[in-house]
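K.L.:
This structure is in structure tokens; I'll ask about it shortly.
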Amino acid sequence: MAGGPGFNGLIPKEWTLLSGSVFNSKDVSSARNDFHKEHGATYPLALAERAIKMYAGEGDTVLDPFLGTGTTSIAACTLSRKSVGFELYDRFAKVSIKLLEQEVTNQNFQASTGLRSRPVEVDDHDIRQGDCMELVKTIQDESIQLTFTSPPYADFIHKSVKDREKRAKSTIPSAIVTENKSSVSSYGDSESDLGNLPYDKFLSAVEKLMEELFRVTLPGGYNVWVVKDYRDTKNLKPFIDVHTGIAEAGVKAGFLYHDLIIWDQNEQRSLVLNGYPSVFYVNQNHSYLVVLRKPTEKQAKQLLKMGDQNGTE
1 MAGGPGFNGL
11 IPKEWTLLSG
21 SVFNSKDVSS
31 ARNDFHKEHG
41 ATYPLALAER
51 AIKMYAGEGD
61 TVLDPFLGTG
71 TTSIAACTLS
81 RKSVGFELYD
91 RFAKVSIKLL
101 EQEVTNQNFQ
111 ASTGLRSRPV
121 EVDDHDIRQG
131 DCMELVKTIQ
141 DESIQLTFTS
151 PPYADFIHKS
161 VKDREKRAKS
171 TIPSAIVTEN
181 KSSVSSYGDS
191 ESDLGNLPYD
201 KFLSAVEKLM
211 EELFRVTLPG
221 GYNVWVVKDY
231 RDTKNLKPFI
241 DVHTGIAEAG
251 VKAGFLYHDL
261 IIWDQNEQRS
271 LVLNGYPSVF
281 YVNQNHSYLV
291 VLRKPTEKQA
301 KQLLKMGDQN
311 GTE
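Numbered per the UniProt record's numbering, the sequence shown spans residues 1 to 313.
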């Protein structure tokens with residue numbers, strides 16, 4: 001029916017309002033609790049909720065292979081979507097389970113008072129502690145509508161911490177802001193932690209994970225990664241294009257590079273003094289949502305036909 005809800009349950013007006021290519025901080029900001037601050041690299045609940053509204057409908061399953069403190073699963077719960085989440089570190093997995101249980105209790109209270117259409121089933125959400133590279137292999141083929149995640153990307157975190165420490169010792173006058181009060185910190189020393197890998201090995205690991213994500217994603221389903229580019233000036237790499245690396249890894253696995261959304265974080269982050277006085281660098285006060293999509297069955301046939309034609313030319 002014309003004007004009816006789309007695959008995600010959105011009516012045309014809602015669909016249009018969510019279709020901007022830049023997310024402003026005020027539109028996707030959420031309060032952070034002590035658990036979020038301990039983790040240091042969580043994205044706002046409102047950001048996860050917005051993406052889930054866009055790319056998954058009620059009853060669909062959302063996956064987060066790098067669950068952290070459970071934001072994706074909690075967002076899925078509030079929106080009547082199911083979720084699967086993997087977290088490498090036990091302390092954060094326990095936090096995820098605790099916060100999700102609190103949200104389930106809250107949502108079921110709302111259901112009992114008529115503020116929610118139906119209660120949340122505990123079995124709708126599956127949080128597991130362990131290596132996502134292994135746990136993802138247990139997921140059934142073509143069972144996930146949306147993957148929404150943010151990876152512990154390469155050794156960026158270690159470089160960020162060292163950079164903060166260096167700035168703290170700076171002789172620049174205190175009137176000039178030299179750091180943005182970031183709380184990001186290293187999660188742990190596990191060999192399975194992608195955040196402990198150099199960038200080239202990080203991308204290799206992402207490529208392997210993308211292959212599994214392609215397998216478990218429904219035809220027409222989405223795979224969205226929240227990432228930030230960074231710098232490694234000491235090794236003569238003034239700009240490392242992480243978001244393109246993620247997109248290329250997804251395309252290599254079979255996904256279509258569907259969209260790119262900018263998450264403007266200028267209102268959350270102070271401007272810092274970069275490269276002064278010899279080299280001018282801009283502040284990277286934004287992140288990207290790299291949106292990948294698994295081809296529909298019709299698109300897959302078209303791609304196969306195009307490949308056959310190219311092979312005979």
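Don't be surprised by glycine CBs; every beta carbon is placed ideally from N, CA and C.
Note that the coordinates shown come from a computational prediction; the quantities given were computed from them, not determined experimentally.
Which runs of the beta strand (DSSP E), 3 residues or longer, sit entirely within the region 50-120?
P.N.:
As far as the region 50-120 is concerned, its whole beta strand (DSSP E) runs of at least 3 residues are 61-64 and 82-87.
K.L.:
Among all the DSSP beta bridges, which residues are the ones paired with R128?
P.N.:
As a first step, residue 128 is located in the sequence shown; it is residue number 128 there, counting from the start. DSSP, once it has assigned bridges, lists F86 as partnering R128.
K.L.:
Taking the DSSP output, what are the residues bridged to H286?
P.N.:
As a working mapping, residue 286 is identified with position 286 in the sequence shown. According to DSSP, H286 bridges with D264.
K.L.:
Can you find the residues in the same chain that come closer than 6 angstroms, C-beta to C-beta, to D124, ignoring five residues on each side of it along the sequence?
P.N.:
As a first step, residue 124 must be located in the sequence shown, where it is residue number 124. The answer, listed in chain order, is K82.
K.L.:
Just checking Q140 against the ligand NAD - is the residue's beta carbon closer than 6 angstroms to any of the ligand's heavy atoms?
P.N.:
For the structure depicted, the ligand NAD is absent and the ligand set is empty, with no information on it obtainable.
K.L.:
Consult DSSP for R269 and reduce its assignment to one of helix, strand or coil.
P.N.:
Here residue 269 is taken as the residue at index 269 of the sequence shown, counted from 1. The answer is coil: DSSP assigns R269 none of H, G, I, E or B.
K.L.:
Determine the DSSP secondary structure at Y222, reduced to helix, strand or coil.
P.N.:
Numbered from its first residue, the sequence shown carries residue 222 at position 222. The answer is strand: DSSP assigns Y222 an E or B state.
K.L.:
What whole-angstrom Cβ distance do I144 and G221 have, given they're in contact under 8 angstroms?
P.N.:
Numbered from 1 along the sequence shown, position 144 holds the residue referred to as residue 144. Numbered from 1 along the sequence shown, position 221 holds the residue referred to as residue 221. About 6 angstroms; that satisfies the 8 angstroms criterion.
K.L.:
Please report the distance separating the alpha-carbon of L88 from that of P65.
P.N.:
Position 88 of the sequence shown, counted from the start, is the residue given in the question as residue 88. Position 65 of the sequence shown, counted from the start, is the residue given in the question as residue 65. Each residue's Cα considered, the two are about 9 angstroms apart.
K.L.:
Kindly indicate which residue of Y43, L289, G254 and D131 has the alpha-carbon position closest to the one of L194.
P.N.:
Here residue 194 is taken as the residue at index 194 of the sequence shown, counted from 1. Of the candidates Y43, L289, G254 and D131, the one whose C-alpha sits nearest the C-alpha of L194 is D131.
K.L.:
Give me the Cα-Cα distance between L203 and K252, rounded to the nearest whole angstrom.
P.N.:
The residue you call residue 203 lines up with position 203 of the sequence shown. The residue you call residue 252 lines up with position 252 of the sequence shown. L203 and K252: Cα-Cα distance of roughly 12 angstroms.
K.L.:
Could you please give me the residues that DSSP links to L292 through a beta bridge?
P.N.:
One-based indexing of the sequence shown puts residue 292 at position 292. Bridge partners of L292: N223 and Y257.
K.L.:
At the level of alpha carbons, what is the spacing between R284 and A48?
P.N.:
Numbered from 1 along the sequence shown, position 284 holds the residue referred to as residue 284. Numbered from 1 along the sequence shown, position 48 holds the residue referred to as residue 48. At residue 284 the sequence reads Gln, which differs from the Arg that was named. About 21 angstroms.
K.L.:
Could you work out which residue in L146, Q268 and F280 is closest to H286 when comparing CA atoms only?
P.N.:
Taking the first residue of the sequence shown as 1, we reach residue 286 at position 286. Among L146, Q268 and F280, the Cα nearest to that of H286 belongs to Q268.
K.L.:
Straight-line CA distance for G68 to E134?
P.N.:
In the sequence shown, the residue the question calls residue 68 occupies position 68. In the sequence shown, the residue the question calls residue 134 occupies position 134. The alpha-carbon atoms of G68 and E134 are separated by roughly 17 angstroms.
K.L.:
Who are V22's beta bridge partners in DSSP?
P.N.:
Position 22 of the sequence shown holds residue 22. According to DSSP, which records beta bridges pairwise, V22 is partnered with I262.
K.L.:
Run the CB neighbour count on L197, radius 10 Å, all protein chains shown included, and call it buried at 16 or more, exposed below.
P.N.:
The sequence position of residue 197 within the sequence shown is 197, counting from 1. L197 should be labelled buried.
K.L.:
Can you round the beta-carbon distance between V206 and I246 to whole angstroms, since I take them to be within the 8 angstroms contact cut?
P.N.:
Translated into positions along the sequence shown, residue 206 becomes position 206. Translated into positions along the sequence shown, residue 246 becomes position 246. Correct: roughly 7 angstroms between the Cβ atoms.
K.L.:
Give me the Cβ distance between N106 and Y55, rounded to the nearest whole Å; I'm assuming they're in contact under 8 angstroms.
P.N.:
Locating residue 106 in the sequence shown gives position 106, counting from the first residue. Locating residue 55 in the sequence shown gives position 55, counting from the first residue. The pair is not a contact, with the Cβ atoms about 24 angstroms apart (cut-off 8 angstroms).
K.L.:
Under the rule that 16 or more other beta-carbon atoms within 10 Å means buried, what is A93, buried or exposed?
P.N.:
Working through the sequence shown from its first residue, we reach residue 93 at position 93. Buried, because 16 or more other Cβ atoms sit within 10 Å of the Cβ of A93.
K.L.:
Across which residues does DSSP place T232 in a beta bridge pair?
P.N.:
Counting from 1 along the sequence shown, the entry for residue 232 is found at position 232. The sequence given here places Asp at residue 232; Thr does not occur at that position. Answer by DSSP bridge pairing, in chain order: K237.
K.L.:
Measure how close the beta-carbons of P151 and V227 come, nearest whole angstrom, since I'm counting them as under 8 angstroms.
P.N.:
Looking up residue 151 in the sequence shown gives position 151. Looking up residue 227 in the sequence shown gives position 227. Confirmed, about 7 angstroms.
K.L.:
Expressed to the nearest angstrom, what Euclidean distance is found between the alpha-carbon atoms of I74 and L63?
P.N.:
On the sequence shown, position 74 is the one that residue 74 refers to. On the sequence shown, position 63 is the one that residue 63 refers to. Near 12 angstroms, if we compare the C-alpha coordinates of L63 and I74.
K.L.:
Would P219 pass as a contact of T147 if the rule is Cβ separation under 7 angstroms?
P.N.:
Residue 219 sits at position 219 when you count from the first residue of the sequence shown. Residue 147 sits at position 147 when you count from the first residue of the sequence shown. Result no, Cβ atoms of P219 and T147 do not sit closer than 7 angstroms.
K.L.:
For S80, which residues in the same chain have their Cβ closer than 6 angstroms to its Cβ, ignoring the five residues on either side in sequence?
P.N.:
Within the sequence shown, the letter at position 80 stands for residue 80. Closer than 6 angstroms at the Cβ level, and outside the excluded window around S80, lie E58.
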